[in-house]
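Below is one structure; the comments refer to it alone.
Residue numbers (my numbering): 18 to 432.
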């Protein structure tokens, strides 16, 4: 185990150094975003204020679900009022919508929304109409977690490809050839009545799936899993800690496809299985570094801006249900994490997301009741990234100070 950890650390550092050097010349493709449809539509303040908040904290993409069964209640008759408000507000602020199409109307399947349409052409027509109405939307995902019975019944990669993905892909491309369409959108586990994502990817390949990107939701297998360690090494599940499994499977099935991670997060207390707010913030930062160094990953979308009030649901937000900022909000604005350490010389990584272009920042260490600079003011890359080796013993508390906005990262304790 010690040898494995050492090798993983060495490989991670090498990838980190290579990718950071690459960023100095050209920004890597990964962008960070959020999905919280309820908060976006009904949260406190006005829609423009909520969208401005997402821009303020440095996010670039926002995932929004369009419910086919609500928009096209009868064939060819569309109600775009909700999606007009949300998508045009995001576009006006310069935020990039990632639009998910889901939910079959009863007229198209004589069943519930998770039952596929009888005829794929019906979904293709809806996808084409949506893409025609929103030509500024460049990223589309077909369905949500079709490897789980709650979202697609029956669960079948062949049915998903023939009735949803390929018809949807054709419809989007007919209206906007430059748009990009993601398939899969798989959950990390199949669950009861479902299919593990590894098997679903292989089934999609056999069924002749057409896609520009493969989307996946790499939630942890267990609450204590970190973005780098944990998960099930011999299973066909795919979490953030087993991200290499996704990279391998997609590379074999769809070698030209990009990877979009369109839902991810860690639940924190008061969820009975949640981690502490400090650990949630740490994992948010580590996940950012994880995907920064991962080939072909173009986006990572955090699930929920605000916790849901029902403890049976999700407490993965950046705010509590009462609107109090969690440490994860700081970690979202300024992710900051340790890569490795040699004696009293830890190497750290981070990103300053608010603002555009390179930003000035200071690494600070805790000294008594104050924070003091370590190494003076430095500049990030054009995308806000930085990597440094500093002098700090194990147990030292470090943070990033961003003077332009008077913002601090969550505290990092050197391991």
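We treat Cβ as the ideally placed atom computed from N, Cα and C, and that holds for glycine.
Between the C-alpha atoms of residue i and residue j, what's the straight-line distance to the nearest angstrom?
i: residue 353; j: residue 262; result: 25 angstroms
i: residue 7; j: residue 307; result: One cannot answer for residue 7 here, as it falls past the ends of the chain, which runs 18 to 432.
i: residue 134; j: residue 180; result: 7 angstroms
i: residue 293; j: residue 379; result: 27 angstroms
i: residue 43; j: residue 278; result: With a pLDDT of 38 at residue 43, under the threshold of 50, the modelled position of this residue cannot be trusted; read the value that follows with caution. In a straight line, the C-alpha of residue 43 is about 21 angstroms away from that of residue 278.
i: residue 202; j: residue 154; result: 18 angstroms
i: residue 214; j: residue 157; result: 20 angstroms
i: residue 56; j: residue 117; result: 17 angstroms
i: residue 254; j: residue 165; result: 12 angstroms
i: residue 211; j: residue 178; result: 16 angstroms
i: residue 272; j: residue 340; result: 43 angstroms
i: residue 172; j: residue 71; result: 35 angstroms
i: residue 95; j: residue 88; result: 5 angstroms
i: residue 291; j: residue 207; result: 21 angstroms
i: residue 350; j: residue 232; result: 24 angstroms
i: residue 65; j: residue 102; result: 10 angstroms
i: residue 367; j: residue 355; result: 9 angstroms
i: residue 112; j: residue 196; result: 16 angstroms
i: residue 245; j: residue 389; result: 30 angstroms
i: residue 229; j: residue 250; result: 28 angstroms
Need the endpoints of the beta strand (DSSP E) that residue i sits in, please.
i: residue 363; result: 362-368
i: residue 116; result: 113-119
i: residue 70; result: That residue, residue 70, is in no beta strand (DSSP E); its alpha helix (DSSP H) goes 64-73.
i: residue 233; result: 230-233
i: residue 157; result: 156-159
i: residue 381; result: 377-384
i: residue 246; result: It is not in any beta strand (DSSP E) - residue 246 carries neither H nor E in the DSSP assignment.
i: residue 49; result: 48-52
In chain order, what residues of the same chain lie with their CB nearer than 7 angstroms to the CB of residue i, ignoring the 5 residues before and after it?
i: residue 40; result: The predicted position of residue 40 is uncertain, since its pLDDT is 49 and thus under 50; a value taken from the coordinates is nonetheless stated next. Cβ neighbours of residue 40 beyond the five flanking positions: 398, 400 and 402.
i: residue 107; result: 68, 79 and 114
i: residue 175; result: 220 and 224
i: residue 333; result: 282, 283, 284, 320 and 321
i: residue 412; result: 430 and 431
i: residue 46; result: 315
i: residue 239; result: 247
i: residue 303; result: 243, 244, 245 and 354
Please determine, among the options, the residue with the shortest C-alpha to C-alpha distance to residue i.
i: residue 54; options: 200, 104, 95 and 340; result: 104
i: residue 81; options: 59, 60, 114 and 68; result: 114
i: residue 363; options: 428, 407, 224 and 160; result: 407
i: residue 256; options: 138, 205, 331 and 48; result: 205
i: residue 309; options: 276, 145, 66 and 214; result: 276
i: residue 323; options: 186, 301 and 51; result: 51
i: residue 99; options: 132, 66 and 59; result: 59
i: residue 410; options: 360, 233 and 348; result: 360
i: residue 86; options: 334, 302 and 130; result: 130
i: residue 286; options: 357, 193, 337 and 66; result: 337
i: residue 170; options: 304, 188 and 119; result: 119
Who are the Cβ neighbours of residue i in its own chain at under 6 angstroms, not counting the five residues just before and after it?
i: residue 416; result: 381, 425, 426 and 428
i: residue 184; result: 137, 140 and 141
i: residue 405; result: 365
i: residue 369; result: 351, 376, 378, 397, 401 and 419
i: residue 226; result: 178, 182 and 200
i: residue 331; result: 321 and 325
Excluding sequence positions up to five away, which residues of its chain have a Cβ less than 8 angstroms from the Cβ of residue i?
i: residue 69; result: 110
i: residue 344; result: 294, 295, 297, 298 and 427
i: residue 393; result: 379
Could you give the first and the last residue of the continuous alpha helix (DSSP H) run that contains residue i?
i: residue 177; result: 174-177
i: residue 103; result: 98-109
i: residue 307; result: 294-309
i: residue 347; result: 344-350
i: residue 187; result: 183-192
i: residue 124; result: 123-126
* Asked: Are the stretch 400-414 and the stretch 370-385 touching, with three or more C-beta to C-beta distances below 8 angstroms?
  -> Contact holds: three or more Cβ-Cβ distances are below 8 angstroms.
* the stretch 149-157 touching the stretch 123-137, judged by at least three CB pairs closer than 8 angstroms -> A contact is defined here as three or more CB-CB pairs under 8 angstroms, and the stretch 149-157 fails this definition with respect to the stretch 123-137.
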